[in-house]
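Q:
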Amino acid sequence: MLDRKLLRENPEVVRQALLDRHSAIQLDPILEKENRKRELMTQVEKLKAERNQVSEAVGKKKAKREDAAAEIEASRVLGEKIKSLGDDLDVLEIELNAVMLRIPNIPHASVPRGAGSEENVEVRRWGSAPILEFSPKPHWELGEQLGILDFERATKISGARFVVYRGAGARLERALIQFMLDTDTQEGGYTEIIPPLMVNQASMQGTGQFPNLVNDMFRVQDEDLYLIPTAEVPVTNLHRDEILKYSELPIKYAAYTPCFRKEAGSYGKDTKGIVRQHQFNKVELVKITNPETSYAELESLVGDAEKLLQRLGLHYRVMLLCSGDLSFSAAKCYDLEVWHAGVNRFWEVSSCSNFEDFQARRAGIRFKDKENKTRLCHTLNGSGLATSRLLPAIMENYQQPDGSILIPEVLQPYVGGKKKIGKDGNFE
RNA sequence: GGAGGGCUAGCCUAACUGGUAAGGCAGCAGACUUGAAAUCUGCCGUCCUUAACGGGACAUGGGGGUUCGAGUCCCUCGCCCUCCGCCA
Numbered sequence: 006m007l008d009r010k011l012l013r014e015n016p017e018v019v020r021q022a023l024l025d026r027h028s029a030i031q032l033d034p035i036l037e038k039e040n041r042k043r044e045l046m047t048q049v050e051k052l053k054a055e056r057n058q059v060s061e062a063v064g065k066k067k068a069k070r071e072d073a074a075a076e077i078e079a080s081r082v083l084g085e086k087i088k089s090l091g092d093d094l095d096v097l098e099i100e101l102n103a104v105m106l107r108i109p110n111i112p113h114a115s116v117p118r119g120a121g122s123e124e125n126v127e128v129r130r131w132g133s134a135p136i137l138e139f140s141p142k143p144h145w146e147l148g149e150q151l152g153i154l155d156f157e158r159a160t161k162i163s164g165a166r167f168v169v170y171r172g173a174g175a176r177l178e179r180a181l182i183q184f185m186l187d188t189d190t191q192e193g194g195y196t197e198i199i200p201p202l203m204v205n206q207a208s209m210q211g212t213g214q215f216p217n218l219v220n221d222m223f224r225v226q227d228e229d230l231y232l233i234p235t236a237e238v239p240v241t242n243l244h245r246d247e248i249l250k251y252s253e254l255p256i257k258y259a260a261y262t263p264c265f266r267k268e269a270g271s272y273g274k275d276t277k278g279i280v281r282q283h284q285f286n287k288v289e290l291v292k293i294t295n296p297e298t299s300y301a302e303l304e305s306l307v308g309d310a311e312k313l314l315q316r317l318g319l320h321y322r323v324m325l326l327c328s329g330d331l332s333f334s335a336a337k338c339y340d341l342e343v344w345h346a347g348v349n350r351f352w353e354v355s356s357c358s359n360f361e362d363f364q365a366r367r368a369g370i371r372f373k374d375k376e377n378k379t380r381l382c383h384t385l386n387g388s389g390l391a392t393s394r395l396l397p398a399i400m401e402n403y404q405q406p407d408g409s410i411l412i413p414e415v416l417q418p419y420v421g422g423k424k425k426i427g428k429d430g431n432f433e
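Residue 6 is where the first sequence starts when you use this note's numbering, and the numbers rise one by one after that.
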C-alpha cells in the first residue's frame with residue numbers, strides 16, 4: 006500500500022508510476038475522495054471535542070449534585086450529529102481503503118520503463134548452453150521414459166497440472182531442496198523456517214496477494230484459510246504487526262514449502278511437463294531490512310540465488326524487469342532465467358524483488374531506528390529456487406544420448422554419491 | 001466440541017458502585033562528569049490540523065450495542081492459559 010501522504014502531496018509521482026505500469030487506475034476520483042474524507046473527519050472531530058467538553062461538565066455537576074439536564078440534552082443532540090456524519094465517514098474510509106489496496110507499488114528510478122516482458126533488460130549472462138550432439142528431449146519425455154515423473158497417474162488421483170515424482174525423480178527433487186537449504190543456511194546466513202501451508206486473509210493482504218490475486222488462490226472450504234502460493238506469504242507475515250529492534254535487522258529467512266496456485270487464466274498454456282503446476286516446490290528467501298540498506302540487500306539476494314545455479318552448472322541470464330512487467334507489490338525485480346536444452350529456451354527459475362515499504366505498510370512491519378522513531382521496514386524476497394523449473398533444466402541439460410541423466414557434482418552427496426540416473430531410471 | 005480464567009503502549013503492571021487511562025522498566029536526547037555509572041530534566045502509540053508554537057480526535061485483542069459519558073455493563077468474533085472429551 007502506498008503512503009497516503011505521498012498520494013496527496015505528490016500525486017504526480019503516483020500518476021507517473023501508474024502510467025509506467027500501464028495501469029488503468031484513475032487517480033483523480035481517489036484524491037477527491039481522500040480530500041472529502043479529511044474534511045469530514047475534521048468536522049466530526051470538532052463535534053466530538055465539543056461533546057467531550059459537555060460530557061465532562063455533566064460529570065462535574067453530578068459530583069456536586071447539581072442539575073445537569075441541559076448539558077445531557079446538548080450532549081445527546083451532538084451525539085446524533087456525530088453518529089450521522091460518522092457513518093458517512095466510515096463508508097468513505099472503507100471505500101478509500103479498498104482502492105488503496107489495489108494501487109500497485111511505485112517502480113524504483115533504476116527500473117527501465119516498458120510495457121511488457123519484451124522490454125525487460127538482460128543484465129548479465131552466466132555459462133553457456135550445453136552442446137548436445139543429439140536431439141535433446143524435453144523433461145516430460147525423459148521423465149516418463151525413465152519412470153521418474155508420472156503425469157498420467159497424477160491426473161487420475163488429482164487432475165490436470167499435477168505430477169507424481171517417483172524413485173530417482175523423487176530423490177533428486179529432495180536432493181535439490183536439501184542442497185539449496187543447506188547452502189542458504191550454512192553460507193548465506195539465512196535462518197531456516199518451516200511455516201504453515203495455510204494462512205488467513207490478513208496474511209494474504211499483508212504481502213499483497215489480496216485483494217488483487219484472490220482468484221489464483223486455493224481456499225479451504227468453510228474456513229478463512231488459503232493455501233500459500235509461495236512461502237513469501239507466511240514468512241514475511243511472521244513479523245506482521247511487530248516493531249523490530251534496529252539491531253535485529255536485516256532478518257534473513259530461508260523456507261522450503263510446496264506452493265499452490267490455481268493458474269487461473271493460463272488454461273492451455275505450458276500444459277506439458279512440470280513448469281506450471283497447481284502444486285510445486287520452492288525454497289524461498291525472505292529479507293526484512295531497514296530502508297537504507299534494502300537495495301544493497303536486493304543485489305546480494307540475487308547473488309545468493311545465482312550462486313546456486315552456478316554450482317549446479319546451469320546456464321542462466323539475469324533479467325531486470327521493466328515497469329510494465331513488474332508484479333503488483335514490487336518496486337524493483339530481477340528474474341533469473343535458466344536454460345532448458347530440451348525446449349531450447351530460458352525459463353524463469355527465480356524472481357528477486359524489493360518491495361520497499363509497500364508490504365510493510367500493509368502488514369505493519371516496523372522497526373525502531375537509531376533515534377528510536379518507529380518506521381516501516383523494507384521487505385524483499387526471492388526464490389532460491391523453484392524446483393519446478395530447476396529439475397527440468399537439470400534433466401534436459403544433463404541428458405545423455407541414451408536417455409540417462411548425469412547428476413551435477415554438488416548434488417551427488419545428496420543422492421548417496423551416485424553420479425547418474427541410468428536409462429532404466431535407477432541411480433547408477 | 002464443552003466448562004472456566006484471561007488479553008491495557010516495545011515489555012511489566014494499576015484504575016472505587018460507569019466520570020473521561022496512573023505508574024515502572026527498557027530506549028532516545030540533554031544536564032552533571034576527564035569518561036562511565038548513578039542522579040536530574042525532557043521525549044518516548046496512531047491520525048487530523050498548523051509555517052511553527054500549539055490545538056484536537058482516536059487508542060485498554062477485533063467489531064457492535066446500552067449511556068450525556070464504557071477498560072468497567074451487554075452481544076459477537078479472534079487469540080492465549082487450565083480442565084474435560086476426541087486424536088497422529
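Cβ atoms here follow ideal geometry from the backbone N, Cα and C, with glycine treated the same way. Since this is a predicted model, take the numbers as computed values, not measurements.
For the stretch 168-212, list the beta strand (DSSP E) runs that are entirely contained and at least 3 residues long, ordered along the chain.
A: Segments of the beta strand (DSSP E) lying fully in the stretch 168-212: 196-198.
Q: Determine whether the beta carbon atoms of C357 and V307 lie at a separation below 7 Å.
A: Along the first sequence, one-based indexing puts residue 357 at 352. Along the first sequence, one-based indexing puts residue 307 at 302. In this structure, V307 lies closer than 7 Å to C357 by Cβ.
Q: Under three-state DSSP, which class holds K142?
A: Taking the first residue of the first sequence as 1, we reach residue 142 at position 137. Reduced to three states, the DSSP call for K142 is coil.
Q: I want to know whether the stretch 269-281 touches the stretch 133-151 - three or more CB-CB distances under 8 Å.
A: Yes, the stretch 269-281 touches the stretch 133-151.
Q: Taking L341 and L181 to be in contact with their CB atoms under 8 Å, please state how far apart those CB atoms are, rounded to whole angstroms.
A: Taking the first residue of the first sequence as position 1, residue 341 is located at position 336. Taking the first residue of the first sequence as position 1, residue 181 is located at position 176. At roughly 15 Å, the Cβ-Cβ gap does not stay under 8 Å, so L341 and L181 are not in contact.
Q: Given a cut-off of 7 Å, decide if E76 and V63 are closer than it, judged by their beta-carbon atoms.
A: To locate residue 63, count along the first sequence from 1; it is residue 58. To locate residue 76, count along the first sequence from 1; it is residue 71. Going by C-beta atoms, V63 is nearer than 7 Å to E76.
Q: Quick one: give me the first and last residue of the alpha helix (DSSP H) that I99 is part of.
A: Here residue 99 refers to the residue found at position 94 of the first sequence. 74-105 is the extent of the alpha helix (DSSP H) around I99.
Q: Classify E100 as buried or exposed, calling it buried when 16 or more other Cβ atoms lie within 10 Å of its own Cβ.
A: Here residue 100 corresponds to residue number 95 of the first sequence, with the count starting at 1. Exposed is the call here.
Q: Would you mind sorting F139 into buried or exposed? The rule is 16 or more other CB atoms within 10 Å of its CB.
A: For the purposes of this step, residue 139 is taken as residue 134 along the first sequence, with counting starting at 1. It counts as exposed.
Q: Helix, strand or coil for H244, going by three-state DSSP, please let me know.
A: Position 239 of the first sequence, counted from the first residue, corresponds to residue 244. H244: helix per DSSP, three-state reduction.
Q: From F156 to F167, what does the alpha carbon distance come to, in whole angstroms?
A: Taking the first sequence and counting its residues from 1, one reaches residue 156 at position 151. Taking the first sequence and counting its residues from 1, one reaches residue 167 at position 162. Spanning the two alpha carbons is a distance of roughly 7 Å.
Q: Give, in chain order, every unbroken run of the beta strand (DSSP E) that is at least 3 residues long and sits entirely within the stretch 255-287.
A: For the stretch 255-287, whole beta strand (DSSP E) runs of length 3 or above, ordered along the chain, are 256-265.
Q: For K292, count neighbouring C-beta atoms within 10 Å of its own C-beta (all shown protein chains included) and say buried if the count is 16 or more, exposed if not.
A: On the first sequence, position 287 is the one that residue 292 refers to. With 16 or more Cβ atoms within 10 Å of its Cβ, K292 is classed as buried.
Q: Mind checking D330: buried by the 16 CB within 10 Å criterion, or exposed?
A: For the purposes of this step, residue 330 is taken as the residue at position 325 of the first sequence. Looking at its Cβ environment, which holds 16 or more other Cβ atoms inside 10 Å, D330 is buried.
Q: Find out if the Cβ-Cβ distance for the pair L290, A259 is shorter than 7 Å.
A: By 1-based counting over the first sequence, the position of residue 290 is 285. By 1-based counting over the first sequence, the position of residue 259 is 254. In contact: L290 and A259 (Cβ atoms closer than 7 Å).
Q: Is it a yes or a no for the stretch 332-339 touching the stretch 181-195, going by three-plus beta-carbon pairs under 8 Å?
A: Taking 8 Å as the limit for Cβ pairs, the verdict is that the stretch 181-195 does not touch the stretch 332-339.
Q: Quick one: using the 10 Å Cβ neighbour count with 16 as the cut-off for buried, is S115 buried or exposed?
A: Counting from 1 along the first sequence, the entry for residue 115 is found at position 110. Result: exposed.
Q: I'd like the list of long-range same chain contacts for E495, defined as Cβ closer than 6 Å, with 5 residues on each side in sequence excluded.
A: The displayed coordinates of the chain run from 6 to 433. Any statement about residue 495 would go beyond what the structure contains.
Q: Could you compute how far the alpha carbon of G121 sits from the alpha carbon of L326?
A: Within the first sequence, the letter at position 116 stands for residue 121. Within the first sequence, the letter at position 321 stands for residue 326. The straight-line gap from Cα to Cα measures roughly 9 Å.
Q: Indicate the three-state DSSP secondary structure (helix, strand or coil) for N57 in the structure shown.
A: One-based indexing of the first sequence puts residue 57 at position 52. N57 falls in the helix class under three-state DSSP.
Q: Can you confirm whether the stretch 367-374 touches the stretch 246-256 when touching is taken to mean that 3 or more C-beta pairs between the two stretches lie within less than 8 Å?
A: Verdict: yes, contact present.
Q: Are the beta-carbon atoms of E197 and T188 separated by less than 7 Å?
A: Here residue 197 refers to the residue found at position 192 when the first sequence is read from its first residue. Here residue 188 refers to the residue found at position 183 when the first sequence is read from its first residue. No, these two residues do not count as a Cβ contact at 7 Å.
Q: Do V288 and L177 count as a contact pair if the criterion is CB distance below 7 Å?
A: To locate residue 177, count along the first sequence from 1; it is residue 172. To locate residue 288, count along the first sequence from 1; it is residue 283. Not in contact: L177 and V288 (Cβ atoms no closer than 7 Å).
Q: Counting only the same chain and skipping the five closest in sequence on each side, list residues whose C-beta sits under 8 Å from that of I410.
A: Stepping through the first sequence from its first residue, residue 410 is reached at position 405. Around I410: L147, L151, I399, M400, Y403, Q404, K425, I426.
Q: Report the rounded CA-to-CA distance for L52 versus L83, giving the unit in angstroms.
A: For the purposes of this step, residue 52 is taken as the residue at position 47 of the first sequence. For the purposes of this step, residue 83 is taken as the residue at position 78 of the first sequence. One C-alpha to the other measures close to 7 Å.
Q: Would you mind stating whether H113 and A336 have Cβ atoms separated by less than 7 Å?
A: Start at 1 with the first residue of the first sequence, and residue 113 comes out as number 108. Start at 1 with the first residue of the first sequence, and residue 336 comes out as number 331. Yes, the pair counts as a contact, with Cβ atoms nearer than the cut-off.
Q: Is it buried or exposed, G347, if we count other Cβ atoms within 10 angstroms and call 16 or more buried?
A: Within the first sequence, the letter at position 342 stands for residue 347. Result: buried.
Q: Could you give the distance in angstroms between the alpha-carbon of A74 and the alpha-carbon of A68?
A: If you number the first sequence from 1, residue 74 lands on position 69. If you number the first sequence from 1, residue 68 lands on position 63. Cα to Cα, the separation comes out at about 14 Å.
Q: Among Q364, Y170, V18, which one has its Cα closest to the Cα of F215?
A: Taking the first sequence and counting its residues from 1, one reaches residue 215 at position 210. With distances taken between Cα atoms, F215 lies closest to Q364.
Q: Would you kindly work out how many angstroms separate the C-alpha atoms of K4 and V225, rounded to a whole number?
A: As shown, the chain starts at 6 and ends at 433. That puts residue 4 outside it, with no answer to give.
Q: Y321 by DSSP, collapsed to three states: which one?
A: Position 316 of the first sequence, counted from the first residue, corresponds to residue 321. DSSP places Y321 in strand when its eight states are reduced to three.
Q: In whole angstroms, what separates the C-alpha of N286 from that of F351?
A: The residue labelled residue 286 in the question sits at position 281 within the first sequence. The residue labelled residue 351 in the question sits at position 346 within the first sequence. Approximately 19 Å, taken between the alpha carbons.
Q: If you draw a straight line from the C-alpha of A391 to the C-alpha of L36, how long is it?
A: As a working mapping, residue 391 is identified with position 386 in the first sequence. As a working mapping, residue 36 is identified with position 31 in the first sequence. Distance between the alpha carbons of A391 and L36: 40 Å.
Q: Taking the continuous alpha helix (DSSP H) assigned at R13, which residues delimit it?
A: For the purposes of this step, residue 13 is taken as residue 8 along the first sequence, with counting starting at 1. It spans 9-14 - the alpha helix (DSSP H) in which R13 sits, taken as one unbroken run.
Q: Kindly list the residues whose CB is nearer than 6 Å to the CB of S299, restricted to its own chain and excluding five residues on each side of it in sequence; keep chain order.
A: For the purposes of this step, residue 299 is taken as the residue at position 294 of the first sequence. N359, H383.
Q: Quick check: I153 and G132, are their CB atoms within less than 7 Å of each other?
A: Taking the first sequence and counting its residues from 1, one reaches residue 153 at position 148. Taking the first sequence and counting its residues from 1, one reaches residue 132 at position 127. No, the pair does not count as a contact, with Cβ atoms beyond the cut-off.
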